[in-house]
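As structure tokens, the structure follows; a few thoughts come after it.
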Amino acid sequence: MKSICKLDFTRMQVLVISSPQVISGEARLINLLFEAGLPCFHLRKPGLGHQDLRSLIDGIDAVFHSRIAWHQHHEIAIDLGMNRLHFPVAQRNLSGGTYLSGLASNGYILSTSVHENESFTGLELFDYTFFGPVYNSLSKNGYQGICTEDFELDSQLKKCTCVIGLGGVTPQKIPLMREMNFDGAAVLGLIWNEPERAIENYKNLLTALH
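Below, the structure is given as structure tokens:
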């Protein structure tokens with residue numbers, strides 16, 4: 001199952017992270033993003049309870065469920081037979097290698113996050129890792145980018161996991177991030193700051209990607 005569902009990092013990917021807030025018509029927009037070519041949607045709703053999360057999932061076409069990565073309430077994902085689980089730093093540190101290894105062995109696709117000055121070592125169980133903010137965030141005021149114009153990810157650091165840059169991603173930044181040696185980009189603010197332009201903005205990212 002895992003070998004079939006993994007993202008293809010032989011080419012750069014653009015992923016979308018949900019707004020932490022509830023967005024009007026969100027499920028419909030998520031469906032449209034998938035139809036536009038979105039390979040993976042990261043569901044991060046820290047303030048949403050089980051019932052509201054299930055209601056959101058019910059509004060997303062079942063054919064796309066295998067492309068959704070869960071940032072919390074992993075038990076719901078497991079119960080629904082969905083196999084993408086994201087582990088923020090704190091949750092990753094609490095989970096332990098045995099638990100994570102068991103998930104990976106059972107076909108779960110695992111992702112995590114690292115921040116500035118954190119090591120990429122010890123992440124072999126994770127298919128990919130978020131790293132940032134690369135540029136000044138579009139969704140969080142005062143969240144400053146940490147990458148200079150001449151920044152480049154050391155290929156040695158990426159031997160254990162693919163690296164997805166996030167923070168301030170726009171179509172204009174995609175070629176620069178490719179030069180920085182990122183395997184992909186993740187967007188939040190560009191999509192959800194103007195939900196009425198979400199699909200247009202995502203398609204612009206794809207145009208820049210290709």
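Start counting the sequence shown at 1; every next residue gets the next number (UniProt numbering). Using N, Cα and C, we set each Cβ at its ideal position, and we do this for glycine too.
Three or more Cβ pairs closer than 8 angstroms define a contact, and the stretch 195–203 falls short of that threshold against the stretch 175–183. Classified as buried, E26 has 16 or more neighbouring CB atoms from the shown chains inside 10 Å of its CB. In the displayed model, R84 falls within a strand according to three-state DSSP. Buried is the label assigned to A208, since at least 16 other Cβ atoms lie within 10 Å of its Cβ. Between the alpha carbons of G96 and F87 lies a gap of roughly 11 angstroms. For S19, there is no enclosing alpha helix (DSSP H), as DSSP marks it with neither H nor E. If you look at H42, you'll find it in the beta strand (DSSP E) that goes F41 to L43. Leaving aside the five residues that flank L32 on each side, the residues in its chain whose CB is nearer than 8 angstroms to its CB run, in chain order, A198 and I199. Contact check for V169 against L125 fails: the beta carbons are separated by 9 angstroms or more. Within the stretch 129–197, complete alpha helix (DSSP H) segments of at least 4 residues are found at 174–179 and 189–192, given in chain order. As the crow flies, the alpha-carbon of R92 is around 7 angstroms from that of T112. When only Cα atoms are considered, T129 and T121 end up about 11 angstroms apart. For A69, the enclosing beta strand (DSSP E) has its first and last residue at I68 to W70. For S111, the enclosing beta strand (DSSP E) stretches over residues I109 to V114. Taking C-beta atoms as the reference points, C147 and L123 fail to come closer than 9 angstroms. For a cut-off of 8 angstroms, the C-beta gap from I17 to R44 is around 6 angstroms, short enough to register as a contact. Straight through space, the alpha carbons of H74 and D52 are spaced by roughly 14 angstroms.
Under the 10 Å beta carbon count, V163 is surrounded by 16 or more other beta carbons and is classified as buried. Shown here, L15 sits in a strand according to DSSP, grouped into three states. Rounded to the nearest whole angstrom, the CA to CA distance from P20 to P46 is 7 angstroms.
Take the alpha-carbon of N136 and the one of Q144: they are about 4 angstroms apart.
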